[in-house]
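Chemist: I have a structure I would like to understand better, so I am pasting it below and will then ask my questions one at a time.
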Amino acid sequence: MSLTALDDVLRGAARVRVEEIEWYGEVVVDLSRPEDRDRLRAAMKIGSLPGYVCACRGQVRFEFSDVRGAPLTEVVAHHGVSLAWQWDSGHGELADGAELLRWLAEHGLPGPGLSWQERPERLAWIAAMPPALEEMAGDLVGHFEMAADSKHVIEARKRLQGLDPVTRVLQLLAWSAAGTGKPPYEDVPGLILRETPIAEIIAALQDPNADERHDAAAARLLLVGNSRIKQRLDVARLPGPLRIRIREAARGHELPQWAERLLLNA
Numbered sequence: 004m005s006l007t008a009l010d011d012v013l014r015g016a017a018r019v020r021v022e023e024i025e026w027y028g029e030v031v032v033d034l035s036r037p038e039d040r041d042r043l044r045a046a047m048k049i050g051s052l053p054g055y056v057c058a059c060r061g062q063v064r065f066e067f068s069d070v071r072g073a074p075l076t077e078v079v080a081h082h083g084v085s086l087a088w089q090w091d092s093g094h095g096e097l098a099d100g101a102e103l104l105r106w107l108a109e110h111g112l113p114g115p116g117l118s119w120q121e122r123p124e125r126l127a128w129i130a131a132m133p134p135a136l137e138e139m140a141g142d143l144v145g146h147f148e149m150a151a152d153s154k155h156v157i158e159a160r161k162r163l164q165g166l167d168p169v170t171r172v173l174q175l176l177a178w179s180a181a182g183t184g185k186p187p188y189e190d191v192p193g194l195i196l197r198e199t200p201i202a203e204i205i206a207a208l209q210d211p212n213a214d215e216r217h218d219a220a221a222a223r224l225l226l227v228g229n230s231r232i233k234q235r236l237d238v239a240r241l242p243g244p245l246r247i248r249i250r251e252a253a254r255g256h257e258l259p260q261w262a263e264r265l266l267l268n269a
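In case it helps, the working numbering puts the sequence shown at residues 4 to 269.
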């Protein structure tokens, strides 16, 4: 196939769903206006077909559909340099990889053009950490899942012991609320709170400084996640008014049946 084969297909695109493969960003872009479609076509212009295939899965997947919504084609971008598509000879090298990265950033996905240390969601998460844990950012905020008995989680619990229970719980809930709900490192506040008595969590949520952020994080901790050891008992012990707050904060989440039953009686 020729250098223009992909461009010829993209002429019929009306919509594209863009998904980060190794991270969690996702956007849907309307391409029904010719100028919007042409801009992306220009950013995905192929300069050469050198015949190689990158060994990784790629960083960004583009799923194009036509004006009827039917799937049109799928393209995967690798390192802002090449595209994996249907060429017989391997990947197509972009004529201007920087232009495609600019297009992504302009449409809400700046991450592919950054190192993972520079990603804005990671930096925002670090900025929201409890002050006592800031020196541990490199250990607690990585591109990986962490176990509840991890040495880093255990150390984080120790560092927070100097705070009074209400302050400690509020800081961890506020940290949890600052996330997007996607990267695995956002489970860390729940892991730190795993063995915190529910009485301390209740006291924190009843404190005058508690707000909607803390309610939302508590709803995820107690109802959606599975980091707590005795989740059902924890929810059953919530005072009526607090259970109502948590139920409201959980709207939009798919809850397990046991949680739905308990909250129905709030």
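No residue lacks a Cβ here, since even glycine has one placed at the ideal position from N, Cα and C.
The model shown is predicted, which means the values in this text are computed figures rather than measured ones.
Rounded to whole angstroms, what's the CA-CA distance from P244 to V144? Just pull it up for me.
Modeler: For P244 and V144, the distance between alpha carbons rounds to 35 angstroms.
Chemist: Taking buried to mean at least 16 other C-beta atoms within 10 Å of its own C-beta, is S51 buried or exposed?
Modeler: The residue is exposed, with fewer than 16 neighbouring Cβ atoms inside 10 Å.
Chemist: If we ignore side chains and look at the alpha-carbon of each, how far apart do R240 and Q234 end up?
Modeler: Rounded to whole angstroms, R240 to Q234 spans 10 angstroms at the Cα level.
Chemist: Would you check whether the ligand ZN has a heavy atom nearer than 7 angstroms to the C-beta of A159?
Modeler: Among the ligands in the structure shown, none appear at all, so the ligand ZN cannot be discussed.
Chemist: Would you check if the distance between the CB atom of F147 and the CB atom of P187 is smaller than 8 angstroms?
Modeler: Closer than 8 angstroms, so yes.
Chemist: In whole angstroms, what separates the C-alpha of G100 from that of G72?
Modeler: When rounded, the distance between both Cα atoms is 28 angstroms.
Chemist: Between which two residues does the beta strand (DSSP E) carrying I49 extend?
Modeler: Where I49 is concerned, the enclosing beta strand (DSSP E) stretches over I49 to S51.
Chemist: Going by beta carbon distance, what residues of the same chain come within less than 6 angstroms of A77, once the five residues before and after it are set aside?
Modeler: Just to set this straight, residue 77 is Glu in the shown sequence, not Ala. Result list for E77: E66, in chain order.
Chemist: Of the residues A17, Y27, H110 and R44, which one's Cα is nearest the Cα of P74?
Modeler: Comparing Cα-Cα distances from P74 to each of A17, Y27, H110 and R44, the minimum goes to A17.
Chemist: Locate the beta strand (DSSP E) running through D33, then write down its first and last residues.
Modeler: D33 -> beta strand (DSSP E) spans E29 to D33.
Chemist: State the DSSP-derived secondary structure class of L143, mapped to helix, strand or coil.
Modeler: L143 falls in the helix class under three-state DSSP.
Chemist: Taking a contact to mean a Cβ-Cβ separation below 8 angstroms, would you say A206 touches P168 in this structure?
Modeler: Contact flag set, yes.
Chemist: Output the distance between the C-alpha atoms of G165 and L266, rounded to the nearest integer angstrom.
Modeler: In a straight line, the C-alpha of G165 is about 34 angstroms away from that of L266.
Chemist: Report the rounded CA-to-CA distance for T7 versus V31, giving the unit in angstroms.
Modeler: If I take the Cα positions, the gap works out to 24 angstroms.
Chemist: Note down the Cα distance separating N212 from A219, rounded to an integer number of angstroms.
Modeler: Going by the C-alpha atoms only, they are around 14 angstroms apart.
Chemist: Consult DSSP for L97 and reduce its assignment to one of helix, strand or coil.
Modeler: Reduced to three states, the DSSP call for L97 is strand.
Chemist: Hey, S85 and E96: beta-carbon distance below 8 angstroms or not?
Modeler: Contact: yes.
Chemist: Can you tell me the Cβ-Cβ gap for L107 and M47, rounded? I've got them flagged as a contact below 8 angstroms.
Modeler: So it is not a contact: roughly 11 angstroms between Cβ atoms.
Chemist: Would you mind sorting V19 into buried or exposed? The rule is 16 or more other CB atoms within 10 Å of its CB.
Modeler: Buried.
Chemist: Which residue's Cα is closest to the Cα of H217: G193, I232, R44 and S68?
Modeler: Ranking G193, I232, R44 and S68 by Cα distance to H217 puts G193 first.
Chemist: Out of G15, C59 and E158, state which residue places its alpha-carbon closest to the alpha-carbon of L43.
Modeler: Checking every option, the nearest Cα to that of L43 belongs to G15.
Chemist: Using C-beta distances below 8 angstroms, list every residue in its chain close to T183, excluding the 5 sequence neighbours before and after it, in chain order.
Modeler: Taken in chain order, the residues that qualify are Y27, E124 and E189.
Chemist: Kindly list the residues whose CB is nearer than 7 angstroms to the CB of W88, restricted to its own chain and excluding five residues on each side of it in sequence; keep chain order.
Modeler: For W88, where only same-chain residues beyond five positions count, the Cβ hits under 7 angstroms are L9, V78 and G95.
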